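A.B. asks: Quick note on our numbering: the sequence shown kicks off at 23 and runs consecutively.
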Amino acid sequence: MAEKSKFINLEDILTRNIEDLTALQKGEIETSKLGTIPVTAIDNNEYKQIKKDCMKMVPNGTGGMYPELDDDKMMIRVIIAGVDKDDRSNFTFANKQLLDHLQVTTADEAVTKLLSPGEVIHAATDVQDLSGFGPKAKKVKEEEVKNS
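(1) Measure the CB-CB distance between V133 and F115 and report whether it falls below 8 Å.
(2) Can we say the stretch 111-126 touches the stretch 84-96, given the rule of at least three CB pairs closer than 8 Å?
(3) Could you check whether L152 and Q47 sit closer than 8 Å to each other, using their CB atoms as the reference points?
(4) Buried or exposed: A45, going by 16 or more other Cβ atoms within 10 Å of its Cβ?
(5) Roughly how far, in whole angstroms, is the beta-carbon of I59 from the beta-carbon of V126, given that I think they are within contact range, below 8 Å?
(6) May I ask you to report which of helix, strand or coil DSSP gives T84?
(7) K53 to A145, Cα distance in whole Å?
(8) Assign M79 to one of two classes, buried (16 or more other C-beta atoms within 10 Å of its C-beta) or exposed (fewer than that).
(9) Taking only three categories from DSSP, how would you classify T134?
(10) Would a C-beta distance cut-off of 8 Å place D130 and I98 closer than the cut-off?
(11) Where does D108 land, buried or exposed, given buried means 16+ other C-beta within 10 angstroms?
(12) Taking G49 and D122 to be in contact with their CB atoms under 8 Å, please state how far apart those CB atoms are, rounded to whole angstroms.
(13) Mind checking which residues open and close the beta strand (DSSP E) that includes V61?
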């Protein structure tokens, strides 16, 4: 016989602490040059703003324009946001002293100087997974359902 699913109900949500309901997951990214960097998931508003900042309008060849997402820029911005908001460390790619030390002017440039291309992809994926994207988030959610 199939196991019956237990669905959430409003009373369950209303009895839970708001901080627990809105808490963002924390994790870390591993880098070869810097070591372990703590990161926090990004929320919906941050994700929307990052996506908006990474859109550009491109001519379509017939006099019109269409939006195009710069995936590389978006990955970098996701990493910056996840690192900046984590409260377990004072490290941020946007730190003025770090930018001066690296002889760059933006956090985006600091990320590309300090992380290899593969690390950028993996770090962005890790932050996105913490934020509810990808198979890790699905597996965590399945485990939470099993344990409740």
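C-beta: ideal position from N, C-alpha, C; glycine also. Keep in mind it's a predicted model, so treat the numbers as computed, not measured.
C.D. replies: Taking the structure as given:
(1) Mapped onto the sequence shown, residue 133 falls at position 111. Mapped onto the sequence shown, residue 115 falls at position 93. Their beta carbons are under 8 Å apart, which means V133 touches F115 by this criterion.
(2) no
(3) Position 25 of the sequence shown holds residue 47. Position 130 of the sequence shown holds residue 152. Contact flag set, yes.
(4) As a working mapping, residue 45 is identified with position 23 in the sequence shown. That one is exposed.
(5) Counted from its first residue, the sequence shown places residue 59 at position 37. Counted from its first residue, the sequence shown places residue 126 at position 104. About 17 Å; that fails the 8 Å criterion.
(6) By 1-based counting over the sequence shown, the position of residue 84 is 62. Coil.
(7) In the sequence shown, residue 53 corresponds to position 31, counting from 1. In the sequence shown, residue 145 corresponds to position 123, counting from 1. One point to set straight first is that residue 53 is Thr, not Lys, in the sequence displayed. Going from the Cα of T53 to the Cα of A145 covers about 9 Å.
(8) On the sequence shown, position 57 is the one that residue 79 refers to. Under this definition M79 is an exposed residue.
(9) If you number the sequence shown from 1, residue 134 lands on position 112. Reduced to three states, the DSSP call for T134 is helix.
(10) Start at 1 with the first residue of the sequence shown, and residue 130 comes out as number 108. Start at 1 with the first residue of the sequence shown, and residue 98 comes out as number 76. Yes, these two residues count as a Cβ contact at 8 Å.
(11) As a first step, residue 108 is located in the sequence shown; it is residue number 86 there, counting from the start. The residue in question, D108, is buried, as its Cβ has 16 or more Cβ neighbours within 10 Å.
(12) For the purposes of this step, residue 49 is taken as the residue at position 27 of the sequence shown. For the purposes of this step, residue 122 is taken as the residue at position 100 of the sequence shown. That belief does not hold up - the Cβ atoms of G49 and D122 are roughly 29 Å apart, past 8 Å.
(13) By one-based count along the sequence shown, residue 61 stands at place 39. From DSSP, the beta strand (DSSP E) with V61 extends over 57-62.
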